[in-house]
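Written below as structure tokens is the structure these notes are about.
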């Protein structure tokens, strides 16, 4: 896997972790920010041919 792909997947993982933390904290603003970051990270990953949903990365 390339460095770009590794960086994109790391960004998706970090965004997912931030969203999970925001949801647990019940922080509406942080949830919105984290969801936007996750959406952006997933969009960029898909643009580079990565299927983050197929990896199970976004599950539970």
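In full-length UniProt numbering, the protein residues as written are 1 to 60. Here a beta-carbon is modelled for each residue, glycine too, at the ideal position from N, C-alpha and C.
- In this structure, 22 is the residue among 22, 8 and 10 with its C-alpha nearest to the C-alpha of residue 35.
- Shown here, residue 48 sits in coil according to DSSP, grouped into three states, outside any helix or strand.
- In this structure, residue 19 keeps its C-beta atom at 7 Å or more from the C-beta atom of residue 48.
- Per DSSP, the unbroken alpha helix (DSSP H) holding residue 3 starts and ends at 3-25.
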